[in-house]
Amino acid sequence: MRAGVSGVRGVVGGGLGPPEVAALCESFGALAGAGRECALGMDTRGSGPMLAGAASAGLRASGLDVRNLGVVPTPVVIHESASAGCGVAVTASHNPAGWNGLKFAVGGRGIDASALRGAPARAGPRHGRVGTERSAGGTYV
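Terminal number for the sequence shown in our numbering: 264, no gaps in between.
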């Protein structure tokens with residue numbers, strides 16, 4: 124798995140899978156703060172639904188509520204992060220089909236994935252709540 128200014132990416136099943144995605148999103152949620160909402164979207168890669176499910180689990184474990192946007196372009200997730208508070212896009216952009224990744228946003232701006240290095244590895248128990256998930260399909264489409 125590689126981290127950089129545009130997020131994290133890797134080969135699905137070769138360093139990037141549901142456990143890694145859930146842990147990264149839980150750390151991101153610890154930075155964002157419990158009780159907020161997080162926009163979550165994905166591209167059309169085959170591994171997207173699996174990794175988006177793991178992302179949602181990690182975000183909710185950190186105490187965030189998830190606004191599930193479904194399949195949307197990354198700029199939509201970043202835009203929605205302005206009203207939601209934060210956002211995660213499950214996408215590998217231009218990388219080969221076997222890859223996938225995560226892009227993070229806070230307040231309408233992308234953040235460098237290296238910011239997650241200082242976040243607690245497991246945030247959930249400290250917050251005392253598990254977030255909820257709702258589909259934004261009715262409001263977005």
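Glycine included, each C-beta is placed from N, C-alpha and C at the ideal position.
Can you tell me the Cβ-Cβ gap for residue i and residue j, rounded? I've got them flagged as a contact below 8 Å.
i	j	result
Leu139	Asn218	With 8 Å as the limit, Leu139 and Asn218 do not qualify as a contact, their Cβ atoms being about 11 Å apart.
Val135	Ala236	In fact, because the Cβ distance is near 17 Å, the residues do not count as touching under 8 Å.
Gly230	Cys161	Contact flag wrong, Cβ pair sits at about 12 Å.
Glu149	Ala177	That belief does not hold up - the Cβ atoms of Glu149 and Ala177 are roughly 10 Å apart, past 8 Å.
Leu174	Leu239	Incorrect: roughly 16 Å between the Cβ atoms, too far for contact.
Leu147	Gly254	With 8 Å as the limit, Leu147 and Gly254 do not qualify as a contact, their Cβ atoms being about 16 Å apart.
Can you tell me whether residue i is buried or exposed, with buried defined as 16 or more other CB within 10 angstroms of its CB?
i	result
Arg168	buried
Arg232	exposed
Val211	buried
Arg257	exposed
Thr214	buried
Ser179	buried
Ser206	exposed
Ala220	exposed
Ala246	For Ala246, the predicted model reports a pLDDT of 46, less than 50, meaning its position is unreliable; a value from the coordinates is still stated below. So Ala246 counts as buried.
Between which two residues does the alpha helix (DSSP H) holding residue i run?
i	result
Val211	Where Val211 is concerned, there is no enclosing alpha helix (DSSP H), although the beta strand (DSSP E) it sits in stretches over 208-213.
Gly171	171-184
Ala145	141-155
Any idea which residues DSSP pairs residue i with across the strands?
i	result
Ile234	Phe227
Glu256	Val189
Ala126	Val131
Locate the beta strand (DSSP E) running through residue i, then write down its first and last residues.
i	result
Gly164	160-165
Arg132	130-134
Arg168	Counting along the chain, Arg168 falls outside any beta strand (DSSP E), and DSSP gives it neither H nor E.
Between the region 157-176 and the region 190-208, do at least 3 Cβ pairs fall closer than 8 Å?
-> yes
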